[in-house]
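Structure first, commentary second.
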Amino acid sequence: MATLEIRDLHVSVEAENGPREILRGVDLTVKQGETHAIMGPNGSGKSTLAYSIAGHPKYTVTGGTVTLDGEDVLSMSVDERARAGLFLAMQYPVEVAGVSVSNFLRTAATAVRGEAPKLRLWVKEVKEAMERLQMDPSFAERNVNEGFSGGEKKRHEILQLELLKPKIAVLDETDSGLDVDALRIVSEGVNRVRDTGEIGTLLITHYTRILRYIKPDHVHVFAGGKIVESGGPELADKLEAEGYEAYTGVKETA
Amino acid sequence: MASANNSGSTTAGSIAVREAGAPDELAGPGTGRMVSQPADARQVAVASYDVADFPVPNGREEDWRFTPLDRLRGLHDGTFGNVGEAAVEVEAPAGVVVETVGRDDARVGKAGAPVDRVAAQAYSAFEKATVVTFPKELAPGEPVVVRTRGTGTTGFGHLTVSVEAFAEAVVVLEHTGKAVYADNVEFLVADGARLTVISVQDWEDGSVHLAHQVARLGRDATFKSVAVTLGGDVVRLFPRVVYDAPGGDASLYGVYFADSGQHLEHRLFVDHDVPRCRSLVTYKGALQGAEARTVWIGDVLIRAAAEGTDTYELNRNLLLTDGARADSVPNLEIETGEIAGAGHASATGRFDDEQLFYLQARGIPADEARRLVVRGFFAEVIAQIGLPELQERLMARIEAELEASV
Ligand SMILES: Nc1ncnc2c1ncn2[C@@H]1O[C@H](COP(=O)(O)OP(=O)(O)OP(=O)(O)O)[C@@H](O)[C@H]1O
Ligand SMILES: [Mg+2]
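Residue numbers (our numbering), protein chains in the order written: chain E, 1 to 254; chain R, 1001 to 1406.
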């Protein structure tokens, strides 16, 4: 059973006046089949955690470990991590001019699966996945994320999740910028993947709204660069009612 | 692509607007008329068929200041070595007339006089010209391919492509082999005619090529050119467009890829001196390796008579490694207030790390991610060629160039 283990993770970014520590000792274990929600106010370091797991070059790990089934994730390149079974649905997906979605998806699937998917099966697979996410087929011919609305970008992220079938998925604010319909469609996509029982999900969010669609097994409160409280789904209800004030001293709704 | 400028590049664009109603000087390079008042976008003061009318450039002139004169093998000062014939071979579909003519043929030199010493040198020295004619209303559907193959000597060439009224033509110019070569190419696009030209410069190492390509557009004529410059030590291409009557439409595209030690220069001049014409310029370049050098100059002049002109030019450069240097200078000079649109954009940047991260985060290895991004960068320009087989071949060549650095 795939397990992502994060131990005492410290991460810095290069700020104008030298390195600035953002993550200050994160401990977390996510197993295949589980769903963990990480909830925290703006600027608490949620995206930093997501990017650090994926290996973004902007973030420097200054201490701690991250392993996937015992393998040292931190020594892997970004693409090695993805091929090892990690997936990051980004808060702000990147536009790639001149690269079509269909070419991008096929190249990614080929890399992750270790061989090019059979063309006819692949075309069908993509078409059906897009239909389920109510994405117009014309998206396949558009450039990656170019001119996509916020909601379209998030659907495209979940489309990749469905096609690449990772062991552990980190979803960074997949709910932000979505209207109710889109939130439901995207959540259903995540749930389809979860229902296979073959994925561990780390759902990062600021608001409890998405948790009505995607039920977490564990909820963690993230503040000041680390997990400050962990519990079951009831913790989300508490955050919903009380906000983050108890953790940050600042009134902010969840 | 990150659009920030950085130390490996310069971008110095200018838009100069002269008062409407200021004296109109209908003259300039390629118009066959002398410039009485040189202005920024006019670049040069002389246009002549005779090399003797041009002083030997010393490198301080505006139009030579980016060019490494010491690497031109004497094309600019008459000290060039052995002159031989470059092999020119033309493949043409039925109906197209291909001729080899002498210097005195009336169709040679019609697009206008050379505007710099090397072009005049080529004009003064060539012995046989190739003339390709698309008779009135002919639309062969297949391209004409003109292959110029260097054989290791110095060569001077002349090509005239004449597309008669309402004919539709596609011409591919291929430059390969090893040569020190200077030539003039004329495109005469008559009323209502359409011409697409793809000019591929893929010389062997050690080659030098200086080319002037002038398009003269008739009423409602459409001209599209795609310059693809990949191989050669020094390549300096000078595409120009002049309009004879309203309604002309010119689109100039280009891609170039410079490796260490290459100097690839494109200087464009679009001379709007009749009303209601259009020009669109899109050039993209990539550079890799120390000493890789590219120059792009985009001069667009909208004269007082050219009311209703619509123009836009864009140049983007992708620096793949440190040490490379891209110079990009768009100049737009406007002498009438009555234009439909005018603008330019220029950006030089490095690989966008966020794009690479995104692709890698989906399992795509770094070198393949770079390939995808570079392919994507050039794709819109390459797609303008419209000949799938050639497009694929050129993309593969570009990827091979890229491979050399990864
Ligand atoms: N390059 C940088 N220089 C300085 N500070 C930075 C830099 N990058 C990130 N930070 C800071 O790190 C902190 C954590 O940022 P992060 O994006 O991880 O927060 P987040 O919890 O995801 O916030 P949000 O809810 O807004 O998405 C913020 O205070 C941010 O300003
Ligand atoms: Mg964030």
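For every residue, glycine included, the Cβ atom is placed at its ideal position computed from N, Cα and C.
Distances from the CB of E/K46 to the heavy atoms of ligand 2 include at least one below 7 Å. Interface annotation for the stretch 1370-1401 of chain R against chain E: L1372, V1373, R1375, G1376, F1377, F1378, A1379, E1380, criterion Cβ-Cβ distance under 8 Å. Between R/L1390 and R/L1372, the gap from beta carbon to beta carbon reaches 8 Å or more.
By the criterion of a C-beta distance shorter than 8 Å, E/I210 is surrounded in its chain by T174, D175, L183, S187, L203, once the five residues flanking it on both sides are discounted. Not a single heavy atom of ligand 2 lies less than 7 Å from the C-beta of R/D1367.
Distance from the CA of R/V1108 to the CA of E/F139, rounded to the nearest whole angstrom, comes to 50 Å. Taking every protein chain shown into account, the CB of R/P1114 has 16 or more other CB atoms within 10 angstroms, so this residue is buried. Per the coordinates, the alpha-carbon of R/H1263 lies some 33 Å from the alpha-carbon of R/E1335. Interface criterion not met: the Cβ of R/R1316 is under 8 Å from no Cβ in chain E. With fewer than 16 neighbouring CB atoms inside 10 Å of its own CB, E/E141 falls in the exposed class.
Proximity of the beta carbon of E/E157 to ligand 1 is not indicated: no heavy atom of the ligand is located closer than 7 Å. If you keep only unbroken beta strand (DSSP E) runs of at least 3 residues inside the stretch 1324-1348 of chain R, you get 1325-1334. The nearest non-hydrogen atom of ligand 1 is less than 7 Å from the C-beta of E/I22. Here the alpha carbons of R/A1245 and R/A1193 stand approximately 13 Å from one another. Around the beta-carbon of E/Q134, fewer than 16 other beta-carbon atoms lie within 10 Å, marking it exposed.
Put simply, the stretch 1288-1308 of chain R touches the stretch 1253-1272 of chain R. At least three CB pairs are less than 8 Å apart. Annotation for R/P1239: the continuous beta strand (DSSP E) segment containing it runs 1234-1243. Contact of E/H156 with chain R is not assigned, every C-beta pair being separated by 8 Å or more. Not a single heavy atom of ligand 1 lies less than 7 Å from the C-beta of E/V61. By a beta-carbon distance limit of 8 Å, E/E245 does not contact E/E234. Their separation comes to about 18 Å. CA-to-CA, the gap between E/R24 and E/Y247 works out to about 15 Å.
Across the stretch 1237-1252 of chain R, no CB contact with chain E closer than 7 Å is found for any residue.
Contact annotation for R/Y1181 against chain E: no contact, minimum CB-CB distance about 32 Å [criterion: below 7 Å]. E/K153 carries a helical assignment under DSSP once its states are collapsed to helix, strand and coil. When CB distances to chain E are screened at a threshold of 9 Å, the residues of the stretch 1340-1359 of chain R falling below it are D1352, D1353, E1354, Q1355, L1356, F1357, Y1358, L1359, in chain order. Per DSSP, the unbroken beta strand (DSSP E) holding E/G18 starts and ends at 18-31. For R/I1385, the three-state secondary structure derived from DSSP is helix.
E/D72 sits exposed, since fewer than 16 C-beta atoms from the chains shown fall within 10 Å of its C-beta.
In this structure, the CA atom of R/V1235 is about 18 Å from the CA atom of R/E1186. When Cβ-Cβ separations below 8 Å define contact, E/A50 makes no contact with chain R.
By the CB criterion at 8 Å, E/A169 and E/T208 fall outside the cutoff.
Only those residues of the stretch 137-167 of chain E whose C-beta falls short of 9 Å from the nearest C-beta of chain R are listed: N143, V144, N145, Q160, L164. A residue is called buried once 16 or more other Cβ atoms fall within 10 Å of its Cβ, and E/T62, having fewer, is exposed. At a cut-off of 7 Å, the beta-carbon of E/E14 counts as near ligand 1: some heavy atom of the ligand is closer than that. Contact check between the stretch 159-167 of chain E and the stretch 188-202 of chain E: three or more CB pairs, one atom from each, fall below 8 Å, which counts as touching.
Listed along chain E are D79, A111, each with a C-beta nearer than 7 Å to that of R/P1365.
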